[in-house]
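What follows is one structure encoded as structure tokens, with my remarks underneath.
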Amino acid sequence: VKCSLLSVISAGLRCPALKTLRLNRNLQITEVCNEIATAFTAHSTNLQELELSYNTLKDSDMEILSAALTSTKCSLKALSLRHNKLSAKGCATLASALISRHPPLRELDLSCNDLLDAGVMELCNVLENPFCPLETLRLSFCKVTFDGCSHLVRALTSDHCSLKELDLSFNHLTEEGAQMLMEKREDSRCSLQSLNVDQNEECWVNLKLLRQYACELTLNPNTAGVNVALSKDNKVATYVHEKQLYPDHPERFEGPQVLCEEGLRSRHYWEVDCLNVSEVGVAYRSIPRQGDCSSEYSFGKNEKSWCWHREGKFYHNNSCHSFLALQTNNIGVYLDWPEGILCFFDVSSDSLTHLYTVCTTFTEPLHPGFGVH
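Here you go:
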């Protein structure tokens, strides 16, 4: 299967009609990087857009990929490396490749990597270079702070900077940092046209601050499916083969699911130990209750619920987005109901890694819900 995949990639890169290639959630990322490097350096390719998101790119992989990007036979214009656990060193390696490209890369998405200000500084050094006409840079959820803003303002001041779109949402820029960037955008000498500094808060870089929104939750026994056993304090749900002798109730799920009693419509945060839980999500109280668990009644399979599956999938309205499977059993959920924001995090010790964010408009209070296995 591995040889077949690499052969397909190699053949595709040689195809003149191939303009976009997406290889997300790929467990063979090192082999894929080598194949791309071989293709870019050994023959011409018409590839314009490359997406390698939701992988784990090591520094050595970044060296291979960056070297390939410098090839004169590489015509890539857009590169997305979201959710790749990139380090500042990997960012520096990529940055050096940006000033060695011809034709140049126009669009770069590094969102959801812990680049920190050190990684942003590496990118800013390149943005000031006359041989780096990057036009779009996305750094959402990259743990950028005020220092990173200072570097970006300096880069935007350069006559050589060609940046037109900058996304810094979900970072902690501070009000002063965000204001500096907005003022720089208004400068007639600045090339920047679009700037996103939404959700500029410290909690995105500090788990302790995110936990200040922690809320107490209680499982609602009237919603628990008959194969769901609850602890006496209604804090723990476990799947059991023996059907529980629950009384009939119109809110009871037919499948192994349960909702919390609390209906949330403010700012809230909670963490879930997923030892026995395979689905973590939220739902309106009006979600349908009856039906097979693979149907529209399951969390995420309808328009009234949003659900993260532990195997690395997000569901809403029966639409699925697949990512890398988790290596942890602790999921953090942040809800900002008024702003329509729902975030899922991988929580480990005192650190957090962003998994997925929903930006929408909620119309009813949201009840945390869980599917057990």
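Okay, so the sequence shown: first residue is 353 according to the numbering used here, each after it adds one. Think of the CB as a built atom: it goes at the ideal place given N, C-alpha and C, for glycine as much as any other residue.
Residue i: buried (16+ other C-beta within 10 angstroms of its C-beta) or exposed?
i       : result
Val-592 : exposed
Leu-571 : buried
Ala-301 : The displayed coordinates of the chain run from 353 to 725. Any statement about residue 301 would go beyond what the structure contains.
His-668 : buried
Leu-627 : exposed
Arg-490 : buried
His-601 : exposed
Arg-541 : exposed
Lys-354 : A caution first: Lys-354 carries a pLDDT of 48, below 50, which makes its placement in the model unreliable, though a value can still be read off. Burial call: exposed.
Cys-631 : For the sequence presented, residue 631 should be read as Glu rather than Cys. It is buried - the Cβ of Glu-631 has at least 16 other Cβ atoms within 10 Å.
Ser-674 : exposed
Glu-594 : exposed
Met-414 : buried
Gln-564 : exposed
Leu-707 : buried
His-395 : exposed
Val-580 : buried
Ala-391 : buried
Ala-363 : exposed
Lys-584 : exposed
Cys-672 : exposed
Lys-536 : buried
Val-724 : buried
Sort the options by Cα distance to residue i and report the nearest one.
i       : options                               : result
Cys-612 : Arg-541, Lys-595, Cys-567 and Asn-628 : Cys-567
Cys-484 : Thr-713, His-725, Leu-475 and Leu-491 : Leu-475
Ser-521 : Lys-536, Arg-506 and Val-557          : Val-557
Met-532 : Asn-654, Leu-504, Leu-515 and Lys-516 : Leu-504
Asp-519 : Phe-498, Gly-442, Met-534 and Ser-546 : Ser-546
Glu-691 : Asp-702, Thr-712 and Val-699          : Thr-712
Tyr-636 : Lys-584, Asn-670, Pro-720 and Arg-563 : Pro-720
Arg-458 : Val-472, Leu-428 and Gly-471          : Leu-428
Asn-682 : Leu-707, Ser-700 and Phe-493          : Ser-700
Glu-663 : Val-629, Val-610 and Arg-641          : Val-629
Leu-444 : Gln-642, Leu-373 and Val-472          : Just to set this straight, residue 444 is Ala in the shown sequence, not Leu. When each option's Cα is compared against that of Ala-444, the closest is Val-472.
Tyr-686 : Val-724, Ser-671 and Trp-622          : Trp-622
Val-588 : Asp-625, Asn-574 and Gln-596          : Asp-625
Thr-575 : Glu-554, Pro-599 and Cys-555          : Pro-599
Asp-698 : Val-724, His-661 and Pro-640          : His-661
Taking C-beta to C-beta, are residue i and residue j nearer than 8 Å?
i       : j       : result
Gly-684 : Cys-659 : no
Leu-308 : Leu-450 : No answer is possible for residue 308: the residues shown for the chain start at 353 and end at 725.
Ile-693 : Thr-709 : yes
Asn-548 : His-524 : no
Thr-382 : Ser-423 : no
Leu-433 : Leu-399 : no
Val-496 : Asp-466 : no
Gly-652 : Glu-606 : no
Arg-619 : Asp-688 : yes
Asp-411 : Gly-442 : yes
Ala-389 : Ala-419 : yes
Glu-716 : Ser-657 : no
Leu-559 : Asp-702 : yes
Phe-722 : Gln-609 : yes
Thr-408 : Arg-366 : no
Leu-358 : Glu-387 : yes
Phe-493 : Cys-464 : yes
Leu-569 : Glu-614 : yes
Thr-488 : Glu-528 : no
DSSP puts residue i in a beta bridge; with which residues?
i       : result
Ala-566 : Tyr-621
His-673 : Phe-666
His-661 : Glu-631 and Lys-665
Val-699 : Leu-704
Ala-303 : Only positions 353 to 725 of the chain appear in the structure, and residue 303 is not among them; the question remains open.
Leu-520 : Answer by DSSP bridge pairing: none, since Leu-520 is not bridged.
Gln-609 : Gly-723
Ser-546 : Glu-517
Cys-494 : For Cys-494, which the question treats as bridged, DSSP gives no partner whatsoever.
Val-592 : For Val-592, which the question treats as bridged, DSSP gives no partner whatsoever.
Ala-581 : Thr-590
Arg-537 : For Arg-537, which the question treats as bridged, DSSP gives no partner whatsoever.
Ile-693 : Asp-688 and Cys-711
Thr-488 : Glu-459 and Glu-517
Leu-616 : Leu-718
Arg-374 : Glu-403
Asn-436 : Note: Asn-436 sits in no beta bridge, so no partner.
Asn-572 : Answer is none; Asn-572 lacks a bridge partner.
Ile-388 : None, per the DSSP bridge assignment.
Is any heavy atom in the ligand SAH found nearer than 7 Å to the beta carbon of residue i?
i       : result
Val-588 : Looking at this structure, you won't find the ligand SAH or any other ligand, since it has none at all.
contact_flag[the region 463 to 481, the region 500 to 510] where n(CB pairs < 8 Å) is 3 or more:
yes
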